[in-house]
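The structure appears below as structure tokens.
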Amino acid sequence: MVSRLLLLRLFEAFSIQRWNDRIRPVELTEMDKQGLKAMLAYIFAKIEEEKGHKIDWNYIIYGSLFALMKNIALSDIKAPVLSKIKQDHPESYKELNKWVVNQYNPLIQDESLIERFDEFLNRDETVDNINLRILKAAHKYSTYREFEIIKMVNQPSKQLEKIEQDLVTEIKQYFDINGLKEMYMKKDLFEAINLIEQLRFQTRWSQTPRVPRTSVLGHSMLVASLMIFLSREVSACDKRLYNNFYAGLFHDLPEAVVRDIISPVKRATLDLPEIIKEIEEEVCKAELYPKLPKLIVEELYYLIGIGIKGGDEYSNRIKENGKARVLFENEKISEFNDDKYSPLDGKLIKLADEIAAFLEADQSIKHGIVSRHLHEGRERVRLKYIENSQINDVNVKEFFLSFD
Numbered sequence: 264m265v266s267r268l269l270l271l272r273l274f275e276a277f278s279i280q281r282w283n284d285r286i287r288p289v290e291l292t293e294m295d296k297q298g299l300k301a302m303l304a305y306i307f308a309k310i311e312e313e314k315g316h317k318i319d320w321n322y323i324i325y326g327s328l329f330a331l332m333k334n335i336a337l338s339d340i341k342a343p344v345l346s347k348i349k350q351d352h353p354e355s356y357k358e359l360n361k362w363v364v365n366q367y368n369p370l371i372q373d374e375s376l377i378e379r380f381d382e383f384l385n386r387d388e389t390v391d392n393i394n395l396r397i398l399k400a401a402h403k404y405s406t407y408r409e410f411e412i413i414k415m416v417n418q419p420s421k422q423l424e425k426i427e428q429d430l431v432t433e434i435k436q437y438f439d440i441n442g443l444k445e446m447y448m449k450k451d452l453f454e455a456i457n458l459i460e461q462l463r464f465q466t467r468w469s470q471t472p473r474v475p476r477t478s479v480l481g482h483s484m485l486v487a488s489l490m491i492f493l494s495r496e497v498s499a500c501d502k503r504l505y506n507n508f509y510a511g512l513f514h515d516l517p518e519a520v521v522r523d524i525i526s527p528v529k530r531a532t533l534d535l536p537e538i539i540k541e542i543e544e545e546v547c548k549a550e551l552y553p554k555l556p557k558l559i560v561e562e563l564y565y566l567i568g569i570g571i572k573g574g575d576e577y578s579n580r581i582k583e584n585g586k587a588r589v590l591f592e593n594e595k596i597s598e599f600n601d602d603k604y605s606p607l608d609g610k611l612i613k614l615a616d617e618i619a620a621f622l623e624a625d626q627s628i629k630h631g632i633v634s635r636h637l638h639e640g641r642e643r644v645r646l647k648y649i650e651n652s653q654i655n656d657v658n659v660k661e662f663f664l665s666f667d
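Position in the sequence shown (from 1) plus 263 gives the number in our numbering.
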């Protein structure tokens with residue numbers, strides 16, 4: 264099971280403020296930035312794949328996690344300064360990357376993951392790599408979206424104009440990535456991302472004071488990151504890792520159009536969860552899905568559990584003969600750990616979702632911001648997994664006991 268200390272390190276991204284030398288109408292955090300970037304990278308990569316390019320999805324997925332890990336470690340260095348070090352002092356930049364990896368050595372026992380992290384940070388950028396270009400395109404555009412948010416409330420200045428000019432120049436260098444170009448030209452894809460980005464503005468646990476505040480977008484990125492570690496723990500095949508990561512990333516996607524509804528309200532009546540789910544599907548089909556490429560919509564249905572008989576987003580599922588089905592209680596998902604089955608650990612998505620919620624409550628309580636809602640939410644999750652400690656071959660009891 265992923266360690267308590269590693270998760271607390273990842274959780275720091277909710278407290279890392281971006282553009283904090285400017286007036287900001289909303290909080291812009293590192294976790295939110297990486298969440299939007301990961302979603303953009305998925306959409307850009309799917310479009311390129313449809314056009315015939317070979318996509319290394321493991322590179323895209325791990326690259327999304329590693330960018331988050333690196334930026335947490337280097338949060339005190341502004342991006343322009345880091346770029347200058349990289350450009351003018353390459354040897355010092357390599358030493359800095361080595362230092363970043365060493366920060367995670369005590370937190371991650373998985374040596375092959377540490378090696379992969381090191382290789383990613385010290386990659387050869389002179390080699391033509393569409394996967395890296397997709398990640399960079401997503402990085403540039405997600406930064407540009409943040410700039411568009413702050414531009415509206417900051418006094419016009421030559422410095423602000425230069426920032427915008429530099430960002431636009433950098434974005435245009437990636438116009439070979441079709442999705443990025445569509446976004447910049449503000450076509451249908453832009454409208455879809457504009458809707459999805461509403462997750463940035465939705466605060467979780469909205470009925471109670473809490474520190475740090477977390478958005479639905481950032482929460483989704485934390486869940487997706489958790490799914491990488493959980494997938495490695497069960498030796499997931501490539502397709503299972505892919506499904507788990509993107510199911511985690513998009514598990515709250517419908518909330519972009521119907522907003523986050525807190526769990527106690529969802530459970531107010533026996534049939535309310537099903538009613539809310541039906542409404543979410545209807546609104547998404549009317550307002551969001553028509554703006555996304557058909558291929559992406561079809562895959563999202565499977566990832567977030569739409570139209571799967573007898574199941575939902577938290578059901579273990581596979582595909583047989585091209586059709587999705589929920590696994591029966593007597594079937595172990597480990598028996599279908601093969602790309603041909605396209606396995607998806609719905610129960611682990613639920614676990615990751617509740618671990619993230621647990622951390623949100625726990626860390627606020629540790630910071631001295633306490634409420635009945637936070638205490639009850641924390642204890643409900645903790646007791647649930649201490650009593651039911653084995654989820655898809657992952658033992659979670661020790662993890663929750665480590666917070667006592």
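Idealized CB from N, CA, C, for every residue including glycine.
These numbers were taken from a predicted model, which means no experiment stands behind them.
Span of the beta strand (DSSP E), counted from its first residue to its last, around arginine 588 | To locate residue 588, count along the sequence shown from 1; it is residue 325. In the DSSP annotation of this structure, the continuous segment of the beta strand (DSSP E) that includes arginine 588 starts and ends at 586-589.
Just tell me which of Leu299, Glu354 and Asn394 has its CA closest to the CA of glutamate 311.
-> Along the sequence shown, one-based indexing puts residue 311 at 48. Looking at Leu299, Glu354 and Asn394, the one whose alpha-carbon comes closest to that of glutamate 311 is Asn394.
Return the CA-CA distance between proline 343 and tyrosine 322, expressed in angstroms with no decimal places.
-> Counting from one through the sequence shown, the residue named residue 343 turns up at place 80. Counting from one through the sequence shown, the residue named residue 322 turns up at place 59. When only Cα atoms are considered, proline 343 and tyrosine 322 end up about 25 Å apart.
Taking all protein chains shown into account, do 16 or more other C-beta atoms lie within 10 angstroms of the C-beta of phenylalanine 438, making it buried, or fewer, making it exposed?
-> Start at 1 with the first residue of the sequence shown, and residue 438 comes out as number 175. Per the 10 Å Cβ criterion, exposed.
Below 8 Å on the Cβ atoms is my guess for valine 364 versus leucine 337; work out the distance and round it to an integer in Å.
-> Locating residue 364 in the sequence shown gives position 101, where the first residue counts as 1. Locating residue 337 in the sequence shown gives position 74, where the first residue counts as 1. Their Cβ separation, rounded to whole angstroms, is 12 Å, which puts valine 364 and leucine 337 out of contact at 8 Å.
Can you tell me the Cβ-Cβ gap for glutamate 623 and arginine 467, rounded? I've got them flagged as a contact below 8 Å.
-> The count along the sequence shown starts at 1 and reaches residue 623 at position 360. The count along the sequence shown starts at 1 and reaches residue 467 at position 204. Taking C-beta atoms under 8 Å as the contact rule, glutamate 623 and arginine 467 qualify, at a distance of about 6 Å.
Determine the closest residue to tyrosine 356 out of Ile539, Lys333, Ile542 and Phe591, with distance taken between C-alpha atoms.
-> The count along the sequence shown starts at 1 and reaches residue 356 at position 93. Closest by alpha carbon: Lys333.
Just checking, does the region 451-467 make contact with the region 287-306 on the three C-beta pairs under 8 Å criterion?
-> Touching, per the Cβ criterion.
With DSSP as the reference, please indicate the residues paired to serine 478 in a beta bridge.
-> As a first step, residue 478 is located in the sequence shown; it is residue number 215 there, counting from the start. Partner(s): Thr466.
Beta strand (DSSP E) containing leucine 582: first to last residue?
-> Here the question's residue 582 lines up with position 319 in the sequence shown. Position check: residue 582 holds lysine in this sequence, whereas leucine was assumed. That run of the beta strand (DSSP E) goes 580-583.
Please report the Cβ distance between leucine 291 and isoleucine 426, rounded to the nearest whole angstrom; I am assuming they are in contact, meaning their Cβ atoms lie under 8 Å.
-> Start at 1 with the first residue of the sequence shown, and residue 291 comes out as number 28. Start at 1 with the first residue of the sequence shown, and residue 426 comes out as number 163. No, leucine 291 and isoleucine 426 are not in contact; Cβ-Cβ is about 14 Å, not under 8 Å.
Based on the DSSP secondary-structure assignment, which residues constitute the bridge partners of glutamine 297?
-> Against the sequence shown, residue 297 aligns to sequence position 34. Beta-bridge pairing links glutamine 297 to no other residue.
Among Lys444, Leu590 and Phe591, which has the Cα closest to the Cα of phenylalanine 307?
-> For this step, residue 307 is matched to residue 44 along the sequence shown. Selected option, being the one with the closest Cα: Lys444.
Could you tell me the distance, in whole angstroms, from the CA atom of isoleucine 286 to the CA atom of asparagine 417?
-> Against the sequence shown, residue 286 aligns to sequence position 23. Against the sequence shown, residue 417 aligns to sequence position 154. Roughly 6 Å between the two C-alpha positions.
So what's asparagine 658 in DSSP terms, helix, strand or just coil?
-> On the sequence shown, residue 658 is found 395 positions in, with the first residue counted as 1. Note: asparagine 658 maps to strand in three-state DSSP.
Would you identify the three-state DSSP class for glutamine 372, choosing helix, strand or coil?
-> For the purposes of this step, residue 372 is identified with residue 109 of the sequence shown, where counting begins at 1. Glutamine 372 falls in the coil class under three-state DSSP.
So what does DSSP say about glutamine 428, is it helix, strand or coil?
-> As a working mapping, residue 428 is identified with position 165 in the sequence shown. It is helical.
Entirely enclosed alpha helix (DSSP H) segments - the region 534-575, minimum 4 residues | Here the runs fully enclosed are 535-550 and 557-566.
Helix, strand or coil for threonine 292 per DSSP?
-> What you label residue 292 is simply residue 29 of the sequence shown in a count that begins at 1. In the displayed model, threonine 292 falls within a strand according to three-state DSSP.
Uninterrupted alpha helix (DSSP H) stretches inside the region 475-514 (no shorter than 4 residues) = The region 475-514 is shown to contain whole alpha helix (DSSP H) runs of 4 or more residues at 479-496 and 501-513, in chain order.
According to DSSP, is leucine 452 helix, strand or coil?
-> For this step, residue 452 is matched to residue 189 along the sequence shown. If DSSP states are grouped into helix, strand and coil, leucine 452 belongs with the helices.
Span separating the alpha-carbon of proline 419 from that of arginine 495 = Numbered from its first residue, the sequence shown carries residue 419 at position 156. Numbered from its first residue, the sequence shown carries residue 495 at position 232. Note on geometry: alpha-carbon atoms of proline 419 and arginine 495 lie some 48 Å from one another.
In the DSSP assignment, find the alpha helix (DSSP H) that holds lysine 341 and state where it starts and stops.
-> Within the sequence shown, residue 341 is the residue found at index 78, counting from 1. Careful: lysine 341 lies outside any alpha helix (DSSP H) and carries neither H nor E.
Excluding the five sequence neighbours on either side, which residues of its own chain have a C-beta within less than 8 Å of the C-beta of isoleucine 632, listed in chain order?
-> Position 369 of the sequence shown, counted from the start, is the residue given in the question as residue 632. Answer for isoleucine 632: Pro472, Arg473 and Val474, listed in chain order.
Element boundaries [alpha helix (DSSP H), containing asparagine 385] = Stepping through the sequence shown from its first residue, residue 385 is reached at position 122. First-last for asparagine 385: undefined, no H or E at that position.
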